[in-house]
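A short worksheet on the structure shown next.
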Amino acid sequence: MRHRILFIAITLFAFAVTMSAQTPAAAPSAQTPAAAPIPHLEKRGAVTHLIVDGKPWLGLAGELLNNAASTAENVRPVWPNLAKANLNTALVGVGWGWTEPQEGKFDFSALDGALRDARSNNLRVVLLWFGSWKNGTSSYPPAWVKRNPDKYPVARDKDGKGREILSTLSATNMEADGRAYAALMRHVRQLDSARRTVIMIQMENEVGLLGDSRDRSKEANEAFAGPVPKELMDYLQKNKSSLLPETLKLWDAAGGKTSGTWEEVFGSGTGADEAFMAWHYARYMNRVTELGKKEYPIPVYVNAWIVQPQDKVPGDYPSGGPQAQNHDFWRAGAPQIDILAPDIYLANFAEIATMYSRNGNPLFIPETRGDVANAFYAIGQLNAQMFSPFGIERQVSADSPLAAAYGVLKQLTPLIMEHQTNGTMKAVMMDAGTGAQKVTMGNYVFELAMGGGRGAAPPPAAPAAGGGRSAAGVPQAAGGGGGGGRGGAAAARGYAIIIQTGPDDFWVAGANLGIKFSSTVSATPMASLAAVEEGRFVNNAWVVGRHLAGDDTGMGGGDRASLRLTANPGILRVSLFSYR
Ligand code: DGJ
């Protein structure tokens, strides 16, 4: 009996000890929510989605000015404005210098405060690691790195003169950057694993060598005169059938050799210099990324300062950066880096974005202008996963065109993400001088033109100055009556996303366009509107603001049937039919 009592007592004691040891970690509470799945990339159909909290994340984003978050206090007033402007993601710089002011001593207080404030405003964050390089130069490393070029070597020009650009060929530079970045990612893991406020990382910023096509330091000259690394040659040979035309052209022009020095394999022009720099930037940043992913494996992208129209040779733009023509060298050298992203400030936005969608590269646009037509087009036509105007704090207010456009895209996000994967979504954008564009979806042709288009509703007697409101309080997106909208920059371009959900059923969202219809079915060539609703999604449920016909659909049916997306972007549910 005594033994049994002793046994029970020991068992109960052991149980109590076990339970108390487990309690803090095992029981999620309001303070420590159960960890959401880690943000990751997932290929779905033809696109790759960023998965956050288990769902595809459409980044309706903006990038803060470079040093905005160098103290939490400085950036604190910005967060509520981003949230009011319907952003869900902010791109936030983290400088190596303010993170590791003394070697091995880290200070994450600015980041901690910024993440706390972003979270309380319901925003997610992409951290931009301003480590060894930003915009081609090395202005963000700590002073103890900058002041010691003997230990942390820099790139050099033909005369041996140093540049303020850390050398890609130095393992010391690479490991120092990698140690700091790994400490950052360790901190993010400890701080953020339960909340996943940080969803992605940008590695460095717009890297590449400025002022010359390649580094001319002694180390660089020796490496350049040596053989092209076997890993690169193997990659090119193994992936020959899917290499980009730019790579094949460079390689073939020099005779398509499978080994040799950089000049033997890639010729004696600046193309070889650029390939050499791309390889070395990629290897360096791959290593830094790898050290960070060991701590916390969230997706990582690099951003490119793209070639500008006035640029003649690499070095006018950062040589060896992830510009479109260098993608194969980056893919070969940096398998840890998930995405190669363009910063697009040029007018040929769609062309550049398309160049960055080749070979399955997911389209992320971390820096651009706040052009809402580009946002709709990138997301609806080119399957962009993120759109992010730069200097966002200067562009947001609750009544800005960007806030209105993001408001519509936010409502449509579940539909957009679903239809990105199956080719049942298209988008257009146009300017005042652009002619009408035809978009075929299923058995219907949508003809879209700037303004009202044929058969559009007549303009209102007195154009409204602001976005009009219907009696029901729903912002007037289409039909007559909206008229002027916000005017100014918002009225300058037309844009629309069209999503097909059934043979005759569509969602149409956008602004400043007239739409008329025809059928592709020869037996029933005419198309018209069966029913049209104007409204909005509230908590993912469609709420009708108005039913539209008559004056609001081109004064009738038949070949007069038309829709009008006014200056104030909105959403229409459109059901068509065809007849003869
Ligand atoms: C491009 C850089 O990547 C940004 O960090 C910023 O400096 C902008 N240029 C300024 O226009």
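Residue numbers are given in the working numbering: position 291 of the sequence shown equals residue 291, and the series is strictly consecutive.
Positions of the beta carbon are idealized from the N, C-alpha and C atoms, including for glycine.
Between Phe387 and the ligand DGJ, is the CB less than 8 angstroms from at least one heavy atom? no
According to DSSP, is Tyr579 part of a helix, a strand, or is it coil? strand
Can the beta-carbon of Val81 be found closer than 9 angstroms to that of Asn122? The residue you asked about is not Val; residue 81 is Asn in the sequence shown. Contact: no.
To the nearest angstrom, how far is the alpha carbon of Phe349 from that of Asp150? 43 angstroms
Applying the criterion that 16 or more other CB atoms from any shown protein chain within 10 Å of the CB defines a buried residue, is Lys230 buried or exposed? exposed
Please classify Arg124 as buried or exposed, where buried requires at least 16 neighbouring CB atoms within 10 angstroms. buried
Residues whose Cβ lies closer than 6 angstroms to any heavy atom of the ligand DGJ, in chain order: Asn66, Asn135, Asn205, Glu206, Asp343, Glu367, Phe390
Look up Pro366 in the DSSP assignment and say whether it is helix, strand or coil. strand
Three-state class that DSSP yields for Glu264 in the structure shown: helix
For the region 161-197, which segments carrying the alpha helix (DSSP H) assignment without a break, of at least 4 residues, lie completely within its bounds, in sequence order? 171-192
Take Leu169 as the anchor and find which of Arg156, Ala180, Lys161, Lys238 has the nearest alpha-carbon. Arg156
Looking only at its own chain, which residues have a Cβ that is under 7 angstroms from the Cβ of Ser193, when we skip the five neighbours before and after it? Ala35
Evaluate Val538 with the Cβ neighbour count: other Cβ atoms within 10 Å of its Cβ, from every protein chain shown; 16 or more gives buried, anything less gives exposed. exposed
Are the CB atoms of Leu128 and Pro299 within a distance shorter than 9 angstroms? no
Tell me which residue opens and which closes the beta strand (DSSP E) that Glu533 is part of. 526-538
Taking the alpha-carbon positions, what's the Ala72 to Val78 distance? 10 angstroms
According to DSSP, residues forming a beta bridge with Thr137: Lys134
Which of the three DSSP states, helix, strand or coil, is assigned to Phe376? helix
Assuming Asn568 and Ala404 are in contact, meaning their beta carbons sit under 8 angstroms apart, how far apart are those beta carbons, in whole angstroms? 6 angstroms
The beta strand (DSSP E) enclosing Gln500, as first and last residue numbers: 494-502
Compute the Euclidean distance between the alpha carbons of Ser400 and Asp371, then round it to the nearest angstrom. 11 angstroms
Sequence-distant residues of the same chain with beta carbon closer than 6 angstroms to Asn374, five excluded per side: Phe349
Please report how far the alpha carbon of Glu290 lies from the alpha carbon of Ser138, in whole angstroms. 21 angstroms
By alpha-carbon positions, which one of Gly211, Arg189, Glu164 ends up nearest to Ile201? Arg189
Whose CA, out of Ile337, Tyr406, Tyr356, lies closest to the CA of Gln325? Tyr356
Assuming Ser319 contacts Ser213 (C-beta within less than 8 angstroms), just tell me the rounded distance between them. 5 angstroms
Quick one: what does DSSP say Gly315 is sitting in, helix, strand or coil? coil
Return the first residue and the last residue of the alpha helix (DSSP H) that Ile38 is part of. Segment: none, Ile38 is in no alpha helix (DSSP H) and carries neither H nor E.
Option nearest Glu418 by Cα separation, candidates Gly271, Ala398, Gln385: Gln385
Coarse secondary structure for Leu250, derived from DSSP in three states: helix
Can you have a look at Tyr181 and say buried or exposed, based on whether 16 or more other CB atoms are within 10 angstroms of its CB? buried
In whole angstroms, what is the alpha-carbon distance linking Pro322 and Gly545? 46 angstroms
Between Gly178 and Lys293, what straight-line distance do the alpha-carbon atoms span, to the nearest angstrom? 11 angstroms
Check Ser241 in the structure and name its three-state DSSP category. helix
Note the first and the last residue of the continuous beta strand (DSSP E) segment covering Ala278. From DSSP, Ala278 is part of no beta strand (DSSP E) but of the alpha helix (DSSP H) over 270-295.
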